[in-house]
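Trainee:
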Amino acid sequence: MKSEEFNLIIEPGRSEKNYWGDLWRYRELFYILVWRDFKVRYKQTVIGIAWSVIRPFLTMVIMTVVFGKLAGLPSEGDTPYAILTLAAILPWQFFANALTESSNSLVGNANLISKVYFPRLIIPTSSIMSGFVDLLISFGILAFMMLWYGFAPSWQIVFLPLFLLIGFVASFGIGLFLTTLNLKYRDFRFIVPFIVQIGFYVSPVGYSSAIIPEKYRLLYSLNPMVGVIDGFRWSIIGPESKLYLPGLAVSVTVMLFFAWLAIRYFRRTEKKFADYI
Numbered sequence: 489m490k491s492e493e494f495n496l497i498i499e500p501g502r503s504e505k506n507y508w509g510d511l512w513r514y515r516e517l518f519y520i521l522v523w524r525d526f527k528v529r530y531k532q533t534v535i536g537i538a539w540s541v542i543r544p545f546l547t548m549v550i551m552t553v554v555f556g557k558l559a560g561l562p563s564e565g566d567t568p569y570a571i572l573t574l575a576a577i578l579p580w581q582f583f584a585n586a587l588t589e590s591s592n593s594l595v596g597n598a599n600l601i602s603k604v605y606f607p608r609l610i611i612p613t614s615s616i617m618s619g620f621v622d623l624l625i626s627f628g629i630l631a632f633m634m635l636w637y638g639f640a641p642s643w644q645i646v647f648l649p650l651f652l653l654i655g656f657v658a659s660f661g662i663g664l665f666l667t668t669l670n671l672k673y674r675d676f677r678f679i680v681p682f683i684v685q686i687g688f689y690v691s692p693v694g695y696s697s698a699i700i701p702e703k704y705r706l707l708y709s710l711n712p713m714v715g716v717i718d719g720f721r722w723s724i725i726g727p728e729s730k731l732y733l734p735g736l737a738v739s740v741t742v743m744l745f746f747a748w749l750a751i752r753y754f755r756r757t758e759k760k761f762a763d764y765i
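Residue 489 is where the sequence shown starts when you use my numbering, and the numbers rise one by one after that.
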């Protein structure tokens, strides 16, 4: 099959327009990097891609015992605590993996950046997208647990793709910002795991955000993952879960601000990437 031909256009004052067009022209490179990152993650592992299912399952078991049994935290309605936690673990693990992988993506592709022209935005985006593939595979364990408990989703499940998109944008914005900082200041490779660890405890992963006092709900929702996790639960659990709309609006606003800020900072710094490397 004949490959698509295109011209690289360099003209004064048109860099932005040509840059976004180049993102589409280099889409084949994007596909290659996504597939490469996905394969490398499970290369030389005995279980392989099954880790996409095993990790959230084991995390769910631990959280159900610690938060549901020992701490006695309430679920939402009659929802089994395992499903409550699993509906949060899936988006959280995607977000955590996206931050970890994307923050090191530019440094890990230093040779490619310094030798070949292409829109550098492709690299962190491909790292996040490979994690998104993991997320889609992980839904298999959620389907199994719902069958195990005889728990059927309601009509609200149709909104799940919307919250998948919101989760992707949240991961993209913060991940892109961190990967730019990590290239410039290598200290961030030590800071990112700390951010992920703290984020786990301040996000409603092992518990329902409904236990947060009403007067703190808006402040709590400044964490963009609060809106994402609450949206996942609302879509999967159904009427048993109450979606706090003011908090969702705050989370989405913060998420969009981070995405805008990250793209702006990335584009302003991109021309100096080769110097930083």
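Every residue, glycine too, gets a C-beta built ideally from N, C-alpha and C. Please read these numbers as outputs of a predicted model, since none were measured by experiment.
Alpha carbons only, please: which of Leu650, Val742, Arg677 is nearest the one belonging to Ser723?
Mentor: The shortest Cα separation from Ser723 among Leu650, Val742, Arg677 belongs to Leu650.
Trainee: Given Tyr764, which residues of its chain have a CB within under 7 Å of its CB, disregarding the five upstream and five downstream residues?
Mentor: So the list reads Leu671, Lys672, once near-sequence residues are dropped.
Trainee: Which value, in whole angstroms, describes the spacing of the CA atoms of Ser491 and Arg513?
Mentor: For Ser491, the predicted structure reports a pLDDT of 48, less than 50, and the residue's modelled location is therefore unreliable. The matter cannot be settled from this model.
Trainee: Hey, which unbroken runs of the beta strand (DSSP E) at 3 residues or more fall wholly within the stretch 657–715?
Mentor: Entirely contained in the stretch 657–715, not one beta strand (DSSP E) run reaches 3 residues.
Trainee: May I ask you to verify whether the stretch 676–689 touches the stretch 743–755, counting CB pairs closer than 8 Å and requiring at least 3?
Mentor: Because the criterion of three Cβ pairs below 8 Å is not met, the stretch 676–689 and the stretch 743–755 do not touch.
Trainee: Identify whether Gly565 lies in helix, strand or coil by the three-state DSSP scheme.
Mentor: In this structure, Gly565 counts as coil in the three-state DSSP scheme.
Trainee: From what residue to what residue does the alpha helix (DSSP H) around Ser626 run?
Mentor: Run containing Ser626: 610–637, per the alpha helix (DSSP H) assignment.
Trainee: Figure out for me which residue from Ser614, Arg529, Lys531, Phe656 has the closest Cα to the Cα of Glu516.
Mentor: Among Ser614, Arg529, Lys531, Phe656, the Cα nearest to that of Glu516 belongs to Ser614.
Trainee: Assuming Ala570 contacts Thr547 under a Cβ cut-off of 8 Å, what Cβ separation, rounded to an integer in Å, is found between them?
Mentor: Actually they do not touch by this definition, with Cβ atoms about 11 Å apart.
Trainee: Please report how far the alpha carbon of Tyr530 lies from the alpha carbon of Ser602, in whole angstroms.
Mentor: Tyr530 and Ser602: Cα-Cα distance of roughly 27 Å.
Trainee: Comparing C-alpha positions only, which one of Trp523, Arg756, Gly726 sits nearest to Asp622?
Mentor: Minimum Cα distance to Asp622 is reached at Trp523.
Trainee: Which of helix, strand or coil does DSSP assign to Tyr605?
Mentor: In the structure shown, Tyr605 sits in coil (DSSP, three-state: anything other than H, G, I, E or B).
Trainee: Using 10 angstroms around the beta-carbon of Tyr637, count the other beta-carbons present and answer buried if the total reaches 16, otherwise exposed.
Mentor: By the 10 Å Cβ count, Tyr637 comes out exposed.
Trainee: Between the Cα of Arg608 and those of Val740, Ala737, Tyr507, spot the shortest distance and give me the residue it belongs to.
Mentor: With distances taken between Cα atoms, Arg608 lies closest to Tyr507.
Trainee: From Tyr732, Ser696, Thr668, pick the residue whose C-alpha is nearest to that of Lys759; which is it?
Mentor: Checking every option, the nearest Cα to that of Lys759 belongs to Thr668.
Trainee: Assuming Ile699 and Leu561 make a contact with CB atoms under 8 Å, what is their CB distance in whole Å?
Mentor: Going by Cβ atoms, the distance from Ile699 to Leu561 rounds to 7 Å, so yes, they are a contact pair.
Trainee: Pick from Phe582, Pro544, Ser709: whose alpha carbon is nearest that of Phe632?
Mentor: Of the listed residues, the one whose Cα sits closest to Phe632 is Pro544.
Trainee: Roughly how far, in whole angstroms, is the beta-carbon of Val740 from the beta-carbon of Ile654, given that I think they are within contact range, below 8 Å?
Mentor: So it is a contact: roughly 6 Å between Cβ atoms.
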